[in-house]
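Accompanying notes for the structure given below.
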Amino acid sequence: MNSRYDEAFARSMADPEGFWAEAAEDIVWTRRWDRVRDDSNPPFTRWFAGGELNTCYNAVDRHVDEGRGDQAALIYDSPVTGQVRQFTYAELRDTVATFAGALGDQGVTKGDRVLIYMPMIPEAAVAMLACARIGAIHSVVFGGFAPQELATRINDAKPVCIVSASCGIEPSRVIEYKPLVDKALELSEHKPASSIVLQRPMAKAPMVEGRDVDWAEAVAAARPADCVPVKATDPLYVLYTSGTTGIPKGVVRDNGGHAVALKWSMRYVYGIEPGEVYWAASDVGWVVGHSYIVYAPLLHGCTTILFEGKPVGTPDAGVFWRVIEQHKVVALFTAPTAFRAIRQQDPAGEFLRKYDLSNFRMLFLAGERADPDTIQWAERQLEVPVLDHWWQTETGWAIGANCVGLGLEPIKYGSPTKAVPGYDIQVLDAEGRELPRGDIGAIAIRLPLPPGSLPTLWNNDEGFLKAYLNAYPGYYNTGDAGYIDEDGYLFIMARTDDIINVAGHRLSTGGMEEVLASHPDVAECAVIGVGDSLKGQVPVGFVVLSAGVDRPEAEVTRELVGLVREKIGPVAAFKTVTVVKRLPKTRSGKILRATMRKIADSEEWRMPATIDDPAVLGEIETVLKTVGYAGGKA
């Protein structure tokens, strides 16, 4: 008997236009579409062509108009400042409308770009929604980005206005944003006409006369702006993702397909109902923040949590549980790295037992491969389903998931489960031929992509083709490698360049990491392939030990080498693993394996713009030299 998932997926493949037209009925349109899917200019598919809507209206105003204005829309919880603030839908509508008026006073109109450079505060979401309200295109850059990287994005997006705050708050320090913005504007060729600055009490920023406008003063002088209808195919935002060259790629998200896909995903991927409290513990600078802090929960009429803190250290490894209890969160979406950090600090889950999590029913992990050991630890502690799912900045929502709203499928550890309806996932060999079930290859999605996925890159159609479509004609190349098993379950093993060739054997570093993570003393790990004159490549492992481990490191590493040999076999040639204090990561929690590999092979590399702490790469380089790499070994 076919499951609800099977029926939904089959329909999305056989009748995509009917499937997505039905989903689009959940969105309020000011003009219905002429064509659900417009393939007149392949491979540049457009969804809901001819349709018009306003994303801000659908995310905020409609809930007020439908009688739910008193429901909480957004809860700001900031352990770094000790603040908790709540906005009802009516309050959020009024706040957003007024700030949209302030943007209009600065000359921002439909189609203009606004660059937002802010910490995790309510005004960041307000600024995003205000842009959507008047048809402007926002580009959010993670607060604290280096001036040169910010300047690159300013030059590409050419914003007419920048919205920023005086500072961001880290657990141990205040980061002044305004000097970074000022330096970026010095460096950039494009000069925005104005800049709106929110002054936070922790650090007051000096203002540039004639350019900088105080947020409070701008809002006080503004009149509320109405929602402006835009085409379904008009851009809602541009979000930059760094490519392998370090040159940012501006991922475009359209209004129509985005609203339809995200609203659909809340019910069918996450199993969430309107009115429930949903928390994505990410940052508005990342795609998760766009999709699941701001837009999807509000489109669905949920209460969303905007959290200014860290999983540990603000003040301790129990802060997630405090937030869940206090705000009656039903589902949390975060990165596996957050749970590895919590586990390292509190391996026995003692903090968790201090809180009442009776409302909590689901944990979702994404952003980096979730190793089975982390998932099983979370399952034991939380006693709820822990679901890995897989997606990318480019797609904007899940490609592979256990679709809760279509009936929970059996969990297979190491797999994000199956393709989400709308995504025709295939595994290809180097020549673009489809591989049989169980064979590792490049994971690609047959075109056209479903609604919500990127239609192109900002002002760079050629770059879009080169980066994603040219490698396998007729497919979107995800850049990930893995396989699909006999039951249709998807296994993402690594980025394509993390599949290493050891003496002619193609092996997944992700598979080795899975083995290392299963060791009781290991909190986090990474495996990279480095050049070897005899075998081509050999794996090198790095592990961070759990808090409280007091055994000799040599004893632990000996056990780890033996474990990989036992589980994967001598063919892996896994002989080198070393204990480190921490791993180099982006601010969203991804481990910088490609940069580590370049350091090991003595290749040229540049400091990643998204790195959380640059000093960690120096520590890794020292470790690599100690074990004979980073220039010391061919």
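Throughout the sequence shown, residue numbering follows UniProt numbering, covering 1 to 634 in sequence. Even for Gly, the Cβ is constructed at its ideal location relative to N, Cα and C.
> Can you check whether the CB of residue 502 is closer than 8 Å to the CB of residue 540?
Replying inline: The answer is no: Cβ separation not under 8 Å.
> Quick one: is residue 517 buried, meaning 16 or more other Cβ sit within 10 Å of its Cβ, or exposed?
Replying inline: Answer is buried; the Cβ neighbour count reaches 16.
> Under the three-state reduction of DSSP, which class applies to residue 81: helix, strand or coil?
Replying inline: Coil at residue 81, not helix or strand.
>> For a test of the three-state rule: what should DSSP assign to residue 248, helix, strand or coil?
In response: DSSP places residue 248 in strand when its eight states are reduced to three.
>> What does the alpha-carbon distance come out to for the pair residue 619 and residue 594?
In response: One C-alpha to the other measures close to 16 Å.
> Alpha carbon to alpha carbon, how far is residue 439 from residue 429?
Replying inline: Rounded to the nearest angstrom, the two C-alpha atoms are 9 Å apart.
> In three-state terms, what does DSSP make of residue 390?
Replying inline: Strand, per DSSP.
> Does the Cβ of residue 172 have 16 or more other Cβ atoms within 10 Å, making it buried, or fewer, making it exposed?
Replying inline: Exposure of residue 172 is indicated by the presence of fewer than 16 other C-beta atoms within 10 angstroms of its C-beta.
> Candidates 588, 545, 470, 309: which alpha carbon is nearest residue 612's?
Replying inline: Per the Cα distances, 588.
> What's the C-alpha gap between residue 623 and residue 223?
Replying inline: Spanning the two alpha carbons is a distance of roughly 58 Å.
> Going by C-alpha distance, which of 266, 332, 342, 318 is nearest residue 649?
Replying inline: With the chain covering 1 to 634 only, the question about residue 649 has no answer from this structure.
>> Is it buried or exposed, residue 511, if we count other Cβ atoms within 10 angstroms and call 16 or more buried?
In response: Residue burial annotation: residue 511 is buried, with at least 16 other C-beta atoms found within 10 angstroms of its C-beta.
>> For a quick check, are the C-beta atoms of residue 56 and residue 161 less than 8 Å apart?
In response: Not closer than 8 Å, so no.
> Taking just the CA atoms, how far does residue 331 sit from residue 545?
Replying inline: Residue 545 and residue 331: Cα-Cα distance of roughly 29 Å.
> Mapping DSSP to helix, strand and coil, what is residue 493?
Replying inline: Correct three-state label for residue 493: strand.
> Roughly how many whole angstroms lie between the Cα atoms of residue 44 and residue 456?
Replying inline: Roughly 7 Å between the two C-alpha positions.
>> On the criterion of 16 or more Cβ atoms from any shown chain inside 10 Å, does residue 245 qualify as buried, or is it exposed?
In response: Bear in mind that a pLDDT of 43 at residue 245, under 50, signals an unreliable position, so the number given afterwards is only what the model happens to contain. Burial call: exposed.
>> Between 570, 165, 605, 197, which has its C-alpha nearest residue 210's C-alpha?
In response: Its Cα nearest to that of residue 210, the residue 197 stands out among 570, 165, 605, 197.
> Given residue 136, which residues of its chain have a CB within under 6 Å of its CB, disregarding the five upstream and five downstream residues?
Replying inline: Within the same chain, and ignoring the five residues on either side of residue 136 in sequence, the residues whose Cβ sits closer than 6 Å to its Cβ are 108, 112, 114.
> Would the stretch 484 to 495 and the stretch 551 to 569 be scored as touching if the rule is three or more Cβ pairs under 8 Å?
Replying inline: No: the two stretches stay apart, fewer than three of their Cβ pairs being nearer than 8 Å.
> What are the boundary residues of the beta strand (DSSP E) that residue 475 is part of?
Replying inline: Annotation for residue 475: the continuous beta strand (DSSP E) segment containing it runs 475 to 484.
>> Quick check: the Cα distance between residue 634 and residue 3, rounded to an integer number of angstroms?
In response: The predicted position of residue 634 is uncertain, since its pLDDT is 30 and thus under 50; a value taken from the coordinates is nonetheless stated next. Roughly 53 Å separates the two Cα atoms.
> How many angstroms separate the CA atom of residue 615 from the CA atom of residue 402?
Replying inline: In this structure, the CA atom of residue 615 is about 38 Å from the CA atom of residue 402.
> Does the count of Cβ pairs from the stretch 315 to 333 and the stretch 144 to 156 closer than 8 Å reach three?
Replying inline: Because the criterion of three Cβ pairs below 8 Å is not met, the stretch 315 to 333 and the stretch 144 to 156 do not touch.
> Cα-Cα, which of 572, 337, 608, 558 is closest to residue 529?
Replying inline: Distances from the CA of residue 529 to each of 572, 337, 608, 558 were compared; the closest alpha carbon is that of 572.
>> If contact is defined by three or more beta carbon pairs under 8 Å, each pair taking one atom from either stretch, is the stretch 468 to 485 in contact with the stretch 266 to 282?
In response: They do not touch, by the three-pair rule.
> Between which two residues does the beta strand (DSSP E) containing residue 351 stretch?
Replying inline: Here residue 351 belongs to no beta strand (DSSP E), and DSSP marks it neither H nor E.
> residue 488 to residue 418, Cα distance in whole Å?
Replying inline: For residue 488 and residue 418, the distance between alpha carbons rounds to 6 Å.
>> Threshold first: 4 residues or longer. Then list the alpha helix (DSSP H) segments lying entirely within the UniProt domain "AMP-binding enzyme C-terminal" (512 to 590), N to C.
In response: Segments of the alpha helix (DSSP H) lying fully in the UniProt domain "AMP-binding enzyme C-terminal" (512 to 590): 553 to 567.
> What do you reckon, are the CB atoms on residue 382 and residue 122 nearer than 8 Å?
Replying inline: Taking 8 Å as the Cβ cut-off, residue 382 and residue 122 do not qualify as a contacting pair.
> What did DSSP end up calling residue 138 once you bin it into helix, strand or coil?
Replying inline: In this structure, residue 138 counts as strand in the three-state DSSP scheme.
>> In whole angstroms, give me the CA-to-CA distance for residue 568 and residue 627.
In response: As the crow flies, the alpha-carbon of residue 568 is around 22 Å from that of residue 627.
> Exposed or buried, what is residue 61 when buried is set at 16 or more other beta-carbons lying within 10 Å of its beta-carbon?
Replying inline: The C-beta of residue 61 has 16 or more other C-beta atoms within 10 Å across all chains shown, which makes the residue buried.
> Nearest CA to the CA of residue 481: which residue from 12, 508, 283?
Replying inline: Considering only alpha carbons, the answer is 508.
>> Could you give the first and the last residue of the continuous beta strand (DSSP E) run that contains residue 118?
In response: For residue 118, there is no enclosing beta strand (DSSP E), as DSSP marks it with neither H nor E.
>> Applying the 10 Å Cβ sphere with the 16-neighbour rule, what's the burial state of residue 533?
In response: Residue 533 should be labelled exposed.
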